[in-house]
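Each remark here refers to the structure printed beneath this line.
Number of protein chains: 2
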Amino acid sequence: MIEGISFQDQIPNNHCFGCGTKNPDGLQIKSYWRSEDEAVCTFTPLAHHCAGPTHYMNGGIISTLIDCHSVCTAIAKGYQMAGRRIGEGETIWYVTGKLEVSYIRPVPIDQDVELIARIETAKEKKITLSCELSSEGDVCAQSQIIAVRVPVSWFG
Amino acid sequence: MIEGISFQDQIPNNHCFGCGTKNPDGLQIKSYWRSEDEAVCTFTPLAHHCAGPTHYMNGGIISTLIDCHSVCTAIAKGYQMAGRRIGEGETIWYVTGKLEVSYIRPVPIDQDVELIARIETAKEKKITLSCELSSEGDVCAQSQIIAVRVPVSWFG
């Protein structure tokens with residue numbers, strides 16, 4: 001368990017299905033730095049997050065976890081680069097430009113999954129990340145994400 | 001509206017979050033051939049499928065729709081190549097090996113989305129597809145999917 005307040009509990013006005021604290025019907029993931037450029041997330045799948053067979057996780061839920069954990073890590077990095085705490089001052093927001101996921105092995109639904117997102121390159125307008133999802137120590141999915149900064153007006 | 005029975009209503013024992021008829025808490029997408037190698041799907045987003053702002057769709061739900069529509073199209077193609085109706089005889093099943101999604105523009109949550117999956121290459125063990133997701137006639141996401149055949153024992 002990582003100490004401190006999750007990224008999501010500091011990001012304001014987030015209704016996102018995957019990561020919004022304001023979405024009671026969403027996945028409500030929680031992400032934390034474990035170093036300056038690496039963030040972790042642990043998620044407990046629910047029964048209805050299954051694939052065709054009920055004992056494996058759905059690939060779409062897997063990609064949602066990867067996407068949201070990575071984009072929240074990009075947002076946290078954006079604040080870190082600006083020298084501000086998450087949520088402090090003008091809102092910083094990134095969205096996914098591109099997501100690539102390789103599914104390596106099935107993910108058991110009855111175990112927690114662990115995600116590690118790593119910042120690969122970071123500029124104000126674009127952050128690239130890699131992200132791995134593991135179950136019981138085995139890497140089950142590997143991914144690359146391009147996160148793109150969008151203006152606050154995106155919230156229209 | 002395309003006539004006939006959807007792929008999902010013919011695929012047996014499918015509990016998948018995105019496409020399973022046996023998952024009452026899932027997205028329950030419906031896919032149909034519109035030609036020998038092209039399949040379509042229309043989906044009505046729910047309010048909690050939103051992104052950070054409530055008026056756009058979450059990228060993870062978008063990737064789930066693309067993934068499930070494409071894999072169901074691969075399964076349908078598998079039966080087509082075997083000269084059987086979907087669900088007839090020994091179960092044919094494909095899973096996602098790789099998913100690449102480019103998010104081109106935000107997807108309004110208050111409109112239906114349309115997906116078109118196209119078979120690019122088809123062999124028994126591996127089918128590659130492209131898939132586009134559109135809203136009000138504008139392409140919002142483009143993707144490439146590699147679907148891999150798995151044995152029935154995968155359902156173990």
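Just so you know, the sequences run in chain order H and V.
Each step along the first sequence adds one to the number in the numbering used here, with nothing skipped, and position 87 is 87.
Each step along the second sequence adds one to the number in the numbering used here, with nothing skipped, and position 154 is 154.
Backbone N, C-alpha and C define an ideal beta-carbon position, used for all residues, glycine too.
Pick out whichever of V/N14, V/W33, V/D138 has its Cα sitting closest to the Cα of V/D25.
Counting from one through the second sequence, the residue named residue 25 of chain V turns up at place 25. Out of V/N14, V/W33, V/D138, V/N14 has the C-alpha closest to the C-alpha of V/D25.
From the beta carbon of V/V139, is the nearest beta carbon of chain H less than 8 Å away?
What you label residue 139 of chain V is simply residue 139 of the second sequence in a count that begins at 1. False, the Cβ-Cβ gap to chain H never drops below 8 Å.
Establish whether the CB of V/K98 and some CB of chain H are separated by less than 8 Å.
As a working note, residue 98 of chain V is residue 98 in the second sequence. True, the Cβ-Cβ gap to chain H drops below 8 Å.
C-alpha distance - H/I62 paired with H/S35, whole-angstrom precision
Numbered from 1 along the first sequence, position 62 holds the residue referred to as residue 62 of chain H. Numbered from 1 along the first sequence, position 35 holds the residue referred to as residue 35 of chain H. Answer to the nearest angstrom: the Cα atoms are 23 Å apart.
Less than 8 Å between the CB atoms is what I'm expecting for V/E124 and V/R149, so what's the real figure, rounded?
Start at 1 with the first residue of the second sequence, and residue 124 of chain V comes out as number 124. Start at 1 with the first residue of the second sequence, and residue 149 of chain V comes out as number 149. The pair is a contact, with the Cβ atoms about 6 Å apart (cut-off 8 Å).
Alpha carbon to alpha carbon, how far is V/M1 from V/L27?
Position 1 of the second sequence, counted from the start, is the residue given in the question as residue 1 of chain V. Position 27 of the second sequence, counted from the start, is the residue given in the question as residue 27 of chain V. Any answer about V/M1 is weak, because its pLDDT of 45 lies below 50 and its placement is not dependable; what the coordinates show is given next. Whole-angstrom Cα-Cα distance: 19 Å.
Partner residues on chain V for H/T128, Cβ-Cβ distance less than 7 Å
Residue mapping note: residue 128 of chain H aligns to position 128 of the first sequence, counting from 1. The premise fails here: H/T128 is roughly 14 Å from chain V at the closest Cβ pair, so nothing lies under 7 Å.
Which residues, taken in chain order from the stretch 63-89 of chain H, show a beta carbon closer than 9 Å to some beta carbon of chain V?
Residues of the stretch 63-89 of chain H with a Cβ closer than 9 Å to any Cβ of chain V, in chain order: S63, T64, L65, I66, D67, C68, V71.
Are the stretch 90-104 of chain V and the stretch 35-50 of chain V touching, with three or more C-beta to C-beta distances below 8 Å?
Taking a cut-off of 8 Å on C-beta distances, the stretch 90-104 of chain V does not touch the stretch 35-50 of chain V, as fewer than three cross pairs fall below it.
So, is V/Q111 buried or exposed, given that buried needs 16 or more other C-beta atoms within 10 angstroms?
Within the second sequence, residue 111 of chain V is the residue found at index 111, counting from 1. Around the C-beta of V/Q111, fewer than 16 other C-beta atoms lie within 10 Å, and the residue is accordingly described as exposed.
Per DSSP, what kind of secondary structure is H/C19 in: helix, strand or coil?
Translated into the one-based positions of the first sequence, residue 19 of chain H becomes position 19. Three-state DSSP puts H/C19 in coil, outside helix and strand.
Nearest CA to the CA of H/I104: which residue from V/P106, V/V107, V/P108, V/V95?
Position 104 of the first sequence holds residue 104 of chain H. With respect to the C-alpha of H/I104, the residue from V/P106, V/V107, V/P108, V/V95 having the closest C-alpha is V/V95.
V/A92 and V/C68 closer than 8 Å at C-beta
Start at 1 with the first residue of the second sequence, and residue 92 of chain V comes out as number 92. Start at 1 with the first residue of the second sequence, and residue 68 of chain V comes out as number 68. Reading off the sequence shown, one finds Ile at residue 92 of chain V, where the question assumed Ala. It is not a contact, given that the beta carbons lie outside the stated cut-off.
The alpha helix (DSSP H) with V/K77 in it runs from where to where?
Here residue 77 of chain V corresponds to residue number 77 of the second sequence, with the count starting at 1. Counting along the chain, the alpha helix (DSSP H) containing V/K77 begins and ends at 59-82.
Quick check: is the beta carbon of V/I116 nearer than 8 Å to any beta carbon in chain H?
Taking the second sequence and counting its residues from 1, one reaches residue 116 of chain V at position 116. Output row for V/I116: interface = no.
For the beta strand (DSSP E) containing H/I146, list its first residue and its last residue.
Stepping through the first sequence from its first residue, residue 146 of chain H is reached at position 146. From DSSP, the beta strand (DSSP E) with H/I146 extends over 138-150.
Going by Cα to Cα distance, which pick from V/K126, V/N23, V/S143 is closest to V/L133?
Against the second sequence, residue 133 of chain V aligns to sequence position 133. The shortest C-alpha separation from V/L133 is found at V/S143.
I need the DSSP call for H/A51, collapsed to helix, strand or coil.
Looking up residue 51 of chain H in the first sequence gives position 51. DSSP places H/A51 in the coil class of the three-state scheme, outside both helix and strand.
Interface residues of chain V around H/A51 at Cβ under 7 Å?
Within the first sequence, numbered from 1, the residue matching residue 51 of chain H stands at position 51. Within 7 Å Cβ-Cβ: C16.
Minimum C-alpha distance to H/G116 - residue among H/P106, H/P108, H/I109, H/C140:
Within the first sequence, residue 116 of chain H is the residue found at index 116, counting from 1. Looking at the sequence provided, one finds Ile at residue 116 of chain H rather than Gly. With respect to the C-alpha of H/I116, the residue from H/P106, H/P108, H/I109, H/C140 having the closest C-alpha is H/C140.
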